[in-house]
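So the sequence shown is residues 487 to 565, counted in our numbering.
Beta carbons: idealized from backbone N, C-alpha and C, even for Gly.
Treat the numbers as computed from the prediction; the structure is a model and nothing was measured.
What follows is one structure encoded as structure tokens, with my remarks underneath.
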Amino acid sequence: MSAIQRVALVLTIIGAINWGLVGFFQFDLVAAIFGGQDSALSRIIYGLVGIAGLVNIGLLFVRDPQERTARDPEARPTR
């Protein structure tokens, strides 16, 4: 996993936690920290989380080396 994918994954997790807080408690953590939903900083964070989600779509199509080994016992794991 590349550094960009790791950063995107962290941002996606932050977004998921924020949406969970909104859904369960009607509390927007990003807006609370950065000055409301309409502040420029909040909008930048929301945008970065959205881009991170798009980057993470690529992870859906990456093959897991362990999955390949489980199906084919003769196959060697790739590094």
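Within a 10 Å sphere around the beta-carbon of L545 sit fewer than 16 other beta-carbons, which makes this residue exposed. When secondary structure is reduced to three states using DSSP, F510 falls in the helix class. Sequence-distant Cβ neighbours of L507 in its own chain, meaning closer than 8 angstroms and more than five residues away, are F513, D514, L515. Residue state for R549 is assigned as coil, using DSSP reduced to three classes. Taking the C-beta atoms as reference points, L534 is found nearer than 7 angstroms to L497.
For G522, no alpha helix (DSSP H) segment is defined, and its DSSP state is neither H nor E.
Residue A518 holds the alpha-carbon nearest to the alpha-carbon of N504 among Q491, V493, A518, R492.
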